[in-house]
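Following my numbering from start to finish, the sequence shown increments by one per residue and tops out at 378.
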Amino acid sequence: MPAKPLTLEQKQDAKRLRAVYDERKNRLGLSQEKLADEFGFSVQSAVSQYLTGKIPLNIEISVKFAERLRCRVSDFSPSMQREIDCLSEYASGNASPCGKPVGASVKPDKNIARFEFLDVRTSCEPGVINDDYPVAVRSIEMPVEAARELIGRADEMVKIVRASNDSMKPTIQPKDVLFVDTSVTDFKGEGVYLICHNNELLCKRLQVVGKVLTVISDNNFYKTWPWEERPKDTRIVGRVLRALPMDFKDFGGDAK
Numbered sequence: 123m124p125a126k127p128l129t130l131e132q133k134q135d136a137k138r139l140r141a142v143y144d145e146r147k148n149r150l151g152l153s154q155e156k157l158a159d160e161f162g163f164s165v166q167s168a169v170s171q172y173l174t175g176k177i178p179l180n181i182e183i184s185v186k187f188a189e190r191l192r193c194r195v196s197d198f199s200p201s202m203q204r205e206i207d208c209l210s211e212y213a214s215g216n217a218s219p220c221g222k223p224v225g226a227s228v229k230p231d232k233n234i235a236r237f238e239f240l241d242v243r244t245s246c247e248p249g250v251i252n253d254d255y256p257v258a259v260r261s262i263e264m265p266v267e268a269a270r271e272l273i274g275r276a277d278e279m280v281k282i283v284r285a286s287n288d289s290m291k292p293t294i295q296p297k298d299v300l301f302v303d304t305s306v307t308d309f310k311g312e313g314v315y316l317i318c319h320n321n322e323l324l325c326k327r328l329q330v331v332g333k334v335l336t337v338i339s340d341n342n343f344y345k346t347w348p349w350e351e352r353p354k355d356t357r358i359v360g361r362v363l364r365a366l367p368m369d370f371k372d373f374g375g376d377a378k
């Protein structure tokens, strides 16, 4: 009997997993052969089949990949992470994981948009040194209609990060929450992007000046530089869609 074709979501999971693997393999000293041996596979091609979307991920192999790549499962498979979280909830004493029988697929509410919140502050000059795909610590949820109206998108490729530096002022203030389209990994016209540069996650404007693609800080105190002069490993990791101001007003009465 022929194998069941992978769903679009499963194919996207494999694509994200391959991107994380390609980005980290040299730094972590990994190869497909080494992973196959550590995972207990008899042939290296088994790892390749997961990375190329020939066979779907499952919870066990997802956890193994996340452990060796030093990331969270949600960095490449948000749906698999939900299943893991629900099973963990079940193991802690609930009658069933998210109201589902053990082993059942956990389907998200299609009327709710869930944006994963990443525990990282995007910075500009000198930047904040981070893993390229930081660990998600919480999420923001809102009705899909509200998400489309406010953010313009409601899919899982939109992630949330925080700005921490003033190099994009006045456009982006420190601590603003940025909604980022992580499916964009190439220049798609003038805009504000997240870039991984010298192991730093930076928020910068990319703009063609004359005929030269240029990296710009909206705060004139910071230097601009041509994209073509970037180090080989510098890359775009997403495009900023919206910035949510986090200018809290202090009325005193600190909680004790």
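From the three backbone atoms N, C-alpha and C, an ideal C-beta is built for every residue, glycine too.
Check: Between the alpha carbons of R327 and E312, how many angstroms are there, rounded?; Outcome: 7 angstroms
Check: In its own chain, which residues sit with a C-beta less than 8 angstroms from the C-beta of S339, not counting the 5 before and 5 after it?; Outcome: C246, E247, S289, M290, K326, R327, K345, T346
Check: Just how far apart, CA to CA, sit S164 and K186?; Outcome: 16 angstroms
Check: Is the beta carbon of E238 sitting closer than 8 angstroms to the one on P200?; Outcome: yes
Check: Which residues in the same chain have their Cβ closer than 6 angstroms to the Cβ of Q166, if we skip the five residues on either side of it in sequence?; Outcome: Q154, E155, A158
Check: Report the rounded CA-to-CA distance for D254 versus A141, giving the unit in angstroms.; Outcome: With a pLDDT of 39 at D254, under the threshold of 50, the predicted position of this residue should be treated as unreliable, and no value is reported.
Check: Using the Cβ count rule (16 or more neighbours within 10 Å means buried), how would you classify M368?; Outcome: exposed
Check: Helix, strand or coil for R243 per DSSP?; Outcome: Residue placement at R243 is poorly supported in this model, since its pLDDT is 40, which falls under 50; the coordinates are not used for a value here.
Check: Using 8 angstroms as the threshold, is the C-beta distance between A285 and D303 below it?; Outcome: no
Check: Can you tell me the Cα-Cα spacing of T336 and L316, whole angstroms?; Outcome: 14 angstroms
Check: Mapping DSSP to helix, strand and coil, what is F163?; Outcome: coil
Check: Looking only at C-alpha atoms, which of V362, N341, Q329, L272 sits nearest to W349?; Outcome: Q329
Check: Looking only at C-alpha atoms, which of E263, E267, Q132 sits nearest to Q171?; Outcome: Q132
Check: Would you mind listing the alpha helix (DSSP H) stretches within the region 150-204 that are 4+ residues and don't spill past its ends, in chain order?; Outcome: 154-161, 167-173, 181-191
Check: For the alpha helix (DSSP H) holding R275, just list the boundary residues, first then last.; Outcome: Neither: R275 is in no alpha helix (DSSP H) and is coded neither H nor E.
Check: What distance in whole Å lies between the Cβ atoms of R138 and F198, which are believed to be in contact at a cut-off of 8 angstroms?; Outcome: 4 angstroms
Check: Within 10 angstroms of the Cβ of V334, are there 16 or more other Cβ atoms? Answer buried if so, exposed if not.; Outcome: exposed
Check: Closest to F233 by CA distance: which of T293, K147, V331, E267 is it?; Outcome: Before going on, a small fix: residue 233 reads as Asn here, not Phe. The shortest C-alpha separation from N233 is found at E267.
Check: According to DSSP, is I358 helix, strand or coil?; Outcome: strand
Check: Which residues in the same chain as P127 place their Cβ atom closer than 6 angstroms to its Cβ, once the five residues preceding and following it in sequence are excluded?; Outcome: none
Check: Identify, in the order they occur along the chain, each residue of the same chain with its Cβ nearer than 6 angstroms to the Cβ of G332, setting aside the five sequence neighbours on each side.; Outcome: none
Check: Using only alpha-carbon positions, find the residue among P296, I282, R352, N180 that is nearest to R364.; Outcome: I282
Check: Is it right to say G274 is buried, meaning 16 or more other beta carbons lie within 10 angstroms of its own, or is it exposed?; Outcome: exposed
Check: So L300 and V359 are in contact, right, with Cβ under 8 angstroms, and what is the actual spacing, rounded?; Outcome: Their Cβ separation, rounded to whole angstroms, is 12 angstroms, which puts L300 and V359 out of contact at 8 angstroms.
Check: Using the three-state DSSP reduction, which class does D298 fall into: helix, strand or coil?; Outcome: coil
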